Amino acid sequence: MWQIIVNELTQATRDIVHSVARFLPRLLVMLVIVVVGWVIAYVLRSILRSILRVTKFDKLSEDAGASQLLKKAALPASSELLSRFVFWIAWLGFILVGISVLGVAGFQEQIPRFFAFLPRLFIALFVFFFGLLASSFFSRAALLASVNANLPSPKILSLTIRTVIILFSVSVGVEALGIGEDTMLLAFAIVFGSLMLGLALAFGLGGQELARRYLENRFAQPKNDGRDDDLSPL
Amino acid sequence: MVEESILTDDFLRELINVGEVDLLVGLDTFNDAKTVGNVMQAVRAGLLRYFPRLRTVVVNADGGSRDGTQELVRAASISHMPHVSNLSSLRTLHCISTQYSRESSGGGLHTILAAADLLRASSLVVISPESTNMEPEWVERLVRPVAKENYDLITPIYRRHKFDALLVRTLLYPMTRAMYGKRLREPIPTAFAFSGRLATQFLAQEPTPSDVGRMGAELQLSLSAMSGDFRVGQSFLGTRERIEHGAAELVPAMRRTVGVLFASLENFAVWSAVKESQPVPTIGVEHEVNLEPLRVNRKRLHQMFATGVAELDPVLRSILYDTTLAELKALALQPEEEFVFPNELWATTVYEFAASHHQAVISRDHVIQALAPLYRGKALAFVLENRDASGVEIEKNVEAICLSFESLKPYLLEMWETGK
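Following this line, the structure appears as structure tokens:
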């Protein structure tokens with residue numbers, strides 16, 4: 203009886219030792235992958251940070267209005283944020299690869315999913331950033347053009363253009379992520395449609411006189427021969 | 102070297118048939134049939150009367166007119182001039198015309214220069230087809246200093262209405278003078294003569310961007326002459342007829358002029374070394390103004406300035422320093438009749454715009470567009486200040502603007518180097 207217990211204990215100890223012996227190299231490999239991954243991610247972050255600095259990405263981000271958003275959220279500058287983001291994504295990738303070496307059951311199938319999600323995440327971020335950039339550029343262009351053409355409410359026009367472009371880029375970005383595609387599409391269509399209908403009603407009903415004047419100026423012969431201020435700049 | 106790629110085969114053939122010339126008359130046209138006939142008559146009369154011995158060619162670079170402009174130029178012949186029938190030419194006057202693409206870089210002036218280079222013209226005169234009141238004497242006053250007195254560029258001085266060309270008087274003349282040190286009254290000439298040497302050097306430079314338009318290329322040529330080792334002068338031509346402009350034309354005009362001037366400042370070494378301005382030799386009177394009363398919509402100018410300052414706040418904030426913007430906001434609150442735009446503030450504003458244009462704090466085109474409402478404010482202040490002024494007083498006020506630009510040049514230099 204005693205002998206059986208001793209044998210079982212010996213066998214269990216042997217199994218544990220074997221398991222540890224099998225696990226330790228994997229753990230070591232994982233640690234190596236994680237450390238190497240950290241180094242690679244760190245190098246990637248430094249390279250990206252330098253590239254963004256050289257290409258004046260922060261200025262671009264400021265033009266796009268992204269910097270103001272980040273400031274309000276007490277986040278670092280765009281170039282720093284993007285560098286950190288790339289660092290963490292890269293390191294997280296290596297950590298997951300390292301964990302996969304351990305062979306933990308139930309974890310294996312999540313790793314390909316994570317890597318499949320990355321391109322979509324980048325596309326979504328890209329679309330959103332350039333959407334912000336485009337919204338900033340076109341809203342400013344509309345503001346300047348309407349001020350110089352002496353149109354009423356230039357700020358409202360500018361804000362409308364900005365909102366529509368941001369809404370559009372958010373909906374495209376979210377669709378790229380694959381989150382609630384139908385809901386987002388529907389929400390965008392409703393918001394965009396309502397906005398356009400509202401503007402049409404406001405312009406058609408509330409601003410009949412303005413609409414008439416605008417159309418007259420645009421398509422009919424100007425009544426004052428274009429002599430708006432009788433001053434020749436050149 | 103001639104950029105033959107911009108000249109069509111047919112045009113090249115016509116140029117080769119002409120052979121070498123002494124003088125090339127250039128006309129850059131686009132749907133100018135209403136006025137080009139008179140201009141051609143005056144040109145021919147001027148050539149016959151004052152330069153009958155010169156081998157001359159008229160080259161018309163047309164931007165794609167559909168109103169028969171090219172035919173009118175081509176049809177120009179000596180026999181069609183009854184009022185100068187007592188004159189005769191010793192040479193054949195060739196009139197050739199070609200079309201250029203308005204999308205191409207360089208535009209009409211570039212085509213004219215390439216033709217002049219090919220024909221080895223020692224003198225060139227370019228006349229705007231809109232010069233409706235051009236007289237034959239203009240040709241003599243422009244060409245003689247270049248052909249006989251070794252000038253490289255002769256720009257015109259016109260008798261103008263006191264409220265005409267306010268962008269030139271309040272910004273372009275003062276700033277080019279402060280930057281390049283030459284007191285050239287019309288840096289954007291509509292009729293001007295220049296030497297083959299200047300033409301060749303200008304051709305060798307970077308091609309003119311296609312979007313600068315007719316006047317942008319002329320300004321670039323003037324700036325080239327002012328900043329290089331060239332002999333520059335100006336000649337009084339007489340009255341220049343007023344050309345009516347609608348408010349909508351201001352921004353395109355500013356792009357072609359202020360945009361070109363700001364862009365020229367990228368050549369920092371050239372303008373940064375200039376310490377003070379010098380007068381340039383002038384043939385005839387240096388300035389003369391027409392004092393006839395003129396209806397100016399001051400209310401509209403004031404309203405567009407005030408609205409511009411208020412509505413463009415986020416844009417102006419990225420271009421101007423806070424102190425300058427605060428001063429402009431205070432100006433916008435002034436009632437129309439008491440409106441004053443101090444020269445120092447105007448020069449400071451323009452220089453901050455120039456520095457922002459250089460640093461591209463926002464799109465460069467947006468920087469130029471944002472200056473338009475502020476220019477309207479300065480134009481209003483000029484009109485109010487000179488409502489009852491004599492010619493001498495107006496000249497004194499223009500000089501005061503120029504001196505402000507000159508004295509504040511170190512401020513621009515500082516901003517250029519350190520950034521806003």
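Protein chains in written order, with our numbering: chain A, 203 to 436; chain B, 102 to 521. Here a beta-carbon is modelled for each residue, glycine too, at the ideal position from N, C-alpha and C. Source: prediction; values computed, not measured.
Residue from the options whose Cα sits closest to the Cα of residue i
i               : options                        : result
I242 of chain A : A:T215, A:I325, A:A279, A:A292 : A:A292
Q142 of chain B : B:S323, B:W239, B:Q200         : B:W239
R156 of chain B : B:A217, B:T449, B:C503, B:D111 : B:A217
V83 of chain B  : B:E518, B:H195, B:V352, B:R399 : Here chain B has residues from 102 to 521 only, and residue 83 of chain B is not among them.
A344 of chain A : B:E412, B:L113, B:S491, B:E507 : B:E412
Q460 of chain B : A:I358, A:M398, A:K261, A:A307 : A:K261
R482 of chain B : B:S457, B:V462, B:L402         : It should be pointed out that residue 482 of chain B corresponds to Ala in this sequence rather than to Arg. When each option's Cα is compared against that of A482 of chain B, the closest is B:L402.
T109 of chain B : B:A162, B:V441, B:K263         : B:A162
W517 of chain B : B:V410, B:E367, B:E172         : B:E367
T425 of chain B : B:R343, B:F440, B:W447         : B:W447
A407 of chain B : A:I206, A:A214, A:N352         : A:N352
Y422 of chain B : B:V462, B:N251, B:L351         : B:V462
E393 of chain B : B:R488, B:M405, B:V468         : B:R488
H262 of chain B : A:A389, A:L436, A:I218, A:V231 : A:L436
Simplified DSSP state of residue i, which is helix, strand or coil
i               : result
T383 of chain B : strand
N594 of chain B : The structure shown does not extend to residue 594 of chain B, since chain B is modelled only from 102 through 521, so no value can be given for it.
Q205 of chain A : helix
Q404 of chain B : helix
G305 of chain A : coil
H195 of chain B : strand
H262 of chain B : strand
M182 of chain B : In this predicted model, M182 of chain B has a pLDDT of only 49, less than 50, meaning its place in the structure is not dependable; the value taken from the coordinates is given anyway. DSSP places M182 of chain B in coil when its eight states are reduced to three.
V397 of chain B : coil
V159 of chain B : strand
P246 of chain B : helix
D414 of chain B : helix
V103 of chain B : Unreliable positioning characterises V103 of chain B in this predicted model, as indicated by a pLDDT of 49, which lies under 50. The coordinate reading is nonetheless provided below. Here V103 of chain B sits in coil by DSSP.
V393 of chain A : helix
V122 of chain B : coil
K258 of chain A : coil
P230 of chain B : coil
V333 of chain B : strand
V375 of chain B : coil
Short Cβ contact (8 angstroms threshold) for residue i with residue j
i               : j               : result
A248 of chain B : L124 of chain B : yes
V361 of chain B : Q306 of chain B : no
G127 of chain B : I213 of chain B : yes
S336 of chain B : R242 of chain B : yes
G492 of chain B : V390 of chain B : yes
V288 of chain A : R315 of chain A : no
V371 of chain B : G282 of chain B : no
Y452 of chain B : L513 of chain B : yes
A480 of chain B : T271 of chain B : yes
F112 of chain B : S166 of chain B : no
G334 of chain B : I255 of chain B : yes
L338 of chain B : P257 of chain B : yes
N350 of chain A : V352 of chain B : yes
beta-carbon residue i near the ligand PLP non-hydrogen atom, thresh 7 angstroms
i               : result
T257 of chain A : This structure lacks the ligand PLP; in fact it carries no ligand of any kind.
Residues near residue i in its chain [Cβ-Cβ closer than 6 angstroms; skip 5 each side]
i               : result
V158 of chain B : V119, V122, L125, H195
I289 of chain B : M316, E319, L320, T358
P275 of chain B : I502, C503, F506
H388 of chain B : E496
Nonlocal neighbours in the same chain, by C-beta distance under 8 angstroms from residue i, ignoring five residues either side
i               : result
V299 of chain A : I235, G239, I313
R221 of chain B : E121, V122, G297
T277 of chain B : K283, L285, P288, S323, L324, M327, L362
V397 of chain B : F264, V484
Supposed close pair residue i, residue j - CB separation, criterion 8 angstroms
i               : j               : result
S337 of chain A : I368 of chain A : 5 angstroms
L429 of chain B : T450 of chain B : 7 angstroms
R342 of chain A : V416 of chain B : 6 angstroms
S464 of chain B : F339 of chain A : 7 angstroms
G295 of chain A : F317 of chain A : 7 angstroms
M355 of chain B : A427 of chain B : Not quite, the Cβ-Cβ distance comes to about 24 angstroms (not below 8 angstroms), so this is no contact.
F454 of chain B : G478 of chain B : Wrong, their Cβ atoms sit about 13 angstroms apart, outside the cutoff.
V366 of chain A : F328 of chain A : Not confirmed; about 19 angstroms, so no contact.
A378 of chain A : I325 of chain A : 5 angstroms
Contacts around residue i, its chain only, beta-carbon distance under 7 angstroms, and the 5 residues preceding and following it disregarded
i               : result
R175 of chain B : C196, S198
S180 of chain B : Residue placement at S180 of chain B cannot be trusted, given a pLDDT of 46 that sits under 50; the coordinates are not used to answer.
S232 of chain B : V140, T291, A292
M182 of chain B : In this prediction, M182 of chain B scores a pLDDT of 49, lower than 50, which makes its location untrustworthy; the coordinate-derived value is nonetheless stated afterwards. Around M182 of chain B: Q142, R145, A146.
E515 of chain B : none
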